[in-house]
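**Q** Residue numbering for the sequence shown follows the numbering used here, beginning at 74 and increasing consecutively. Just so you know, even glycine gets a beta-carbon here, dropped at the ideal spot from N, CA and C. There's a structure below that I have some questions on.
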Amino acid sequence: MARRRQLYEGKAKIIFEGPEPGTVVQYFKDDATAFNNQKKGTITGKGVLNNRISEYLMTRLGQIGVPTHFIRRLNMREQLVRQAEIIPLEVIVRNLAAGSFAQRFKMEEGTPLPRSIIEFCYKNDDLGDPMVAEEHITAFGWASPPEIDDIVQQTIRINDFLTGLFLGIGIRLVDFKIEFGRVWDNDVMRIILADEISPDSCRLWDADTNEKMDKDRFRRDMGEVEEAYQEVARRLGVMPENPSDFKGPKLVH
Ligand SMILES: Nc1ncnc2c1ncn2[C@@H]1O[C@H](COP(=O)(O)OP(=O)(O)O)[C@@H](O)[C@H]1O
Ligand SMILES: [Mg+2]
Numbered sequence: 074m075a076r077r078r079q080l081y082e083g084k085a086k087i088i089f090e091g092p093e094p095g096t097v098v099q100y101f102k103d104d105a106t107a108f109n110n111q112k113k114g115t116i117t118g119k120g121v122l123n124n125r126i127s128e129y130l131m132t133r134l135g136q137i138g139v140p141t142h143f144i145r146r147l148n149m150r151e152q153l154v155r156q157a158e159i160i161p162l163e164v165i166v167r168n169l170a171a172g173s174f175a176q177r178f179k180m181e182e183g184t185p186l187p188r189s190i191i192e193f194c195y196k197n198d199d200l201g202d203p204m205v206a207e208e209h210i211t212a213f214g215w216a217s218p219p220e221i222d223d224i225v226q227q228t229i230r231i232n233d234f235l236t237g238l239f240l241g242i243g244i245r246l247v248d249f250k251i252e253f254g255r256v257w258d259n260d261v262m263r264i265i266l267a268d269e270i271s272p273d274s275c276r277l278w279d280a281d282t283n284e285k286m287d288k289d290r291f292r293r294d295m296g297e298v299e300e301a302y303q304e305v306a307r308r309l310g311v312m313p314e315n316p317s318d319f320k321g322p323k324l325v326h
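The following block contains the structure:
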């Protein structure tokens, strides 16, 4: 296959020009970063697993009517998605206190929140992705009030659906980060879910043992990072029982 033109290289993915106008290819790397790029490493096989996990979750969300960028998986590490004008916000949903939220409010990790809380951060590595309010978002023109309403409505549906989906496989969805982008269908602008949903962008705890099954294992040097990602994929039914199989081309269909 001819090498496509690279449009952007991020921390976890590379974006290539797509085969048709209005599409791009997301290539999932094994690179892992944490604490705004201060900690760097690799998680072997992560890209393959995140490609599959994000494909699965975006497809399921599409089935309940959440518009997403996902079109189809191309191979082990690449998926074709609709090219979107990314809204420069990290939309964070928190169901239980964890990570920086637990620190900020001096809460013990795992404390249930009175209700799910949606936070916005301005997606800007140089600034360390600072948290922002709707005031900043509208004043700086990152999104309009109706766009924010749309994002919040979609985010609530995504959280409810994913919480149930993960609970069904014995996993607590503690919190997660999503991104949205704008696409144009003829002259109508729509907001769609973009980027990825994976153990890189979610906190996932085993429902029985509270064992972490996400990037916190890498952030906190807990070990068994690959195994945790594999277990999430296995429970979602997107990984073959024999892990050695997932390196081969057999999975592509
Ligand atoms: N459908 C899409 N169209 C265009 N850009 C996208 C789309 N989905 C995700 N992106 C962007 O591509 C990049 C993905 O690479 P990633 O490694 O996550 O980058 P970053 O280091 O900026 O988080 C992100 O900047 C993300 O906003
Ligand atoms: Mg990213």
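Do the CB positions of Ala107 and Arg292 come within less than 8 Å of each other?
**A** Numbered from 1 along the sequence shown, position 34 holds the residue referred to as residue 107. Numbered from 1 along the sequence shown, position 219 holds the residue referred to as residue 292. Yes, these two residues count as a Cβ contact at 8 Å.
**Q** Can you tell me whether Met262 is buried or exposed, with buried defined as 16 or more other CB within 10 angstroms of its CB?
**A** Walking along the sequence shown from the start, residue 262 turns up at place 189. Met262 should be labelled exposed.
**Q** Classify Pro322 as buried or exposed, calling it buried when 16 or more other Cβ atoms lie within 10 Å of its own Cβ.
**A** The residue given as residue 322 occupies position 249 in the sequence shown. Residue confidence for Pro322 is low, a pLDDT of 48 falling below 50, so the modelled location carries little weight and cannot support an answer.
**Q** Roughly how many angstroms lie between the CA atoms of Pro187 and Lys196, to the nearest whole one?
**A** For the purposes of this step, residue 187 is taken as residue 114 along the sequence shown, with counting starting at 1. For the purposes of this step, residue 196 is taken as residue 123 along the sequence shown, with counting starting at 1. If you take the alpha carbons of Pro187 and Lys196, they lie about 27 Å apart.
**Q** For the alpha helix (DSSP H) that Ser173 lies in, which residues bound it at each end?
**A** To locate residue 173, count along the sequence shown from 1; it is residue 100. Note, Ser173: alpha helix (DSSP H), Gly172 to Arg177.
**Q** Can you give me the start and stop residues for the beta strand (DSSP E) that Asp233 sits inside?
**A** Counted from its first residue, the sequence shown places residue 233 at position 160. Unbroken run through Asp233 is the alpha helix (DSSP H), Pro218 to Leu240; no beta strand (DSSP E).
**Q** What would DSSP say about Asn197, mapped onto helix, strand or coil?
**A** Within the sequence shown, residue 197 is the residue found at index 124, counting from 1. Asn197: coil per DSSP, three-state reduction.
**Q** Could you check what DSSP says for Met131 in three-state terms: helix, strand or coil?
**A** Residue numbering aside, residue 131 sits at position 58 when the sequence shown is read from its first letter. The answer is helix: DSSP assigns Met131 an H, G or I state.
**Q** Just verifying my parser: in three-state terms, what is the DSSP assignment at Lys288?
**A** One-based indexing of the sequence shown puts residue 288 at position 215. Coil.
**Q** Verify the contact flag: Lys84, CB atom, against every heavy atom of ligand 2, threshold strictly below 7 Å.
**A** One-based indexing of the sequence shown puts residue 84 at position 11. Yes - ligand 2 has a heavy atom lying nearer than 7 Å to the Cβ of Lys84.
**Q** Any chance the stretch 133-150 sits against the stretch 177-186, with 3 or more Cβ pairs inside 8 Å?
**A** Verdict: no, contact absent.
**Q** Is any heavy atom of ligand 1 found at a distance shorter than 7 Å from the C-beta of Gly254?
**A** The residue given as residue 254 occupies position 181 in the sequence shown. True, at least one ligand heavy atom lies under 7 Å from that Cβ.
**Q** One question on the structure: do Asn328 and Lys84 come within less than 8 Å of each other, judged by their Cβ atoms?
**A** The question about residue 328 has no answer, for the chain in this structure spans 74 to 326.
**Q** Can you name, in chain order, every residue of its own chain whose Cβ lies under 6 Å from the Cβ of Arg276, other than the five neighbours on each side?
**A** Here residue 276 corresponds to residue number 203 of the sequence shown, with the count starting at 1. Around Arg276: Ala171, Val247, Asp248 and Asp287.
**Q** Based on DSSP bridge pairs, tell me the residues matched to Trp257.
**A** If you number the sequence shown from 1, residue 257 lands on position 184. Answer is Met262, bridged to Trp257.
**Q** For Thr228, which residues in the same chain have their Cβ closer than 8 Å to its Cβ, ignoring the five residues on either side in sequence?
**A** In the sequence shown, residue 228 corresponds to position 155, counting from 1. Closer than 8 Å at Cβ, skipping near neighbours: Val164, Val166, Ile191 and Ile251.
**Q** Applying the criterion that 16 or more other CB atoms from any shown protein chain within 10 Å of the CB defines a buried residue, is His326 buried or exposed?
**A** Stepping through the sequence shown from its first residue, residue 326 is reached at position 253. Low confidence applies here, because His326 scores a pLDDT of 47, under 50, leaving its location unreliable; read the following figure in that light. Counting Cβ neighbours within 10 Å, His326 comes out exposed, since fewer than 16 surround it.
**Q** With respect to the alpha helix (DSSP H) encompassing Ala301, which residues constitute its N-terminal and C-terminal limits?
**A** Numbered from its first residue, the sequence shown carries residue 301 at position 228. Segment Val298 to Leu309, the alpha helix (DSSP H) holding Ala301.
**Q** Thinking C-alpha only, which one of Glu284, Pro94, Arg245 and Ala212 is nearest Asp258?
**A** On the sequence shown, position 185 is the one that residue 258 refers to. When only C-alpha atoms are compared, the closest one is Pro94.
**Q** Since Gly243 and Arg308 should fall inside the 8 Å C-beta cutoff, what is the C-beta to C-beta distance between them, to a whole number of angstroms?
**A** Taking the sequence shown and counting its residues from 1, the one referred to as residue 243 is at position 170. Taking the sequence shown and counting its residues from 1, the one referred to as residue 308 is at position 235. Between Arg308 and Gly243 the Cβ distance is about 7 Å, and since that is below 8 Å, they are a contact.
**Q** One question on the structure: do Ile159 and Glu220 come within less than 8 Å of each other, judged by their Cβ atoms?
**A** Position 86 of the sequence shown, counted from the start, is the residue given in the question as residue 159. Position 147 of the sequence shown, counted from the start, is the residue given in the question as residue 220. Taking 8 Å as the Cβ cut-off, Ile159 and Glu220 do not qualify as a contacting pair.
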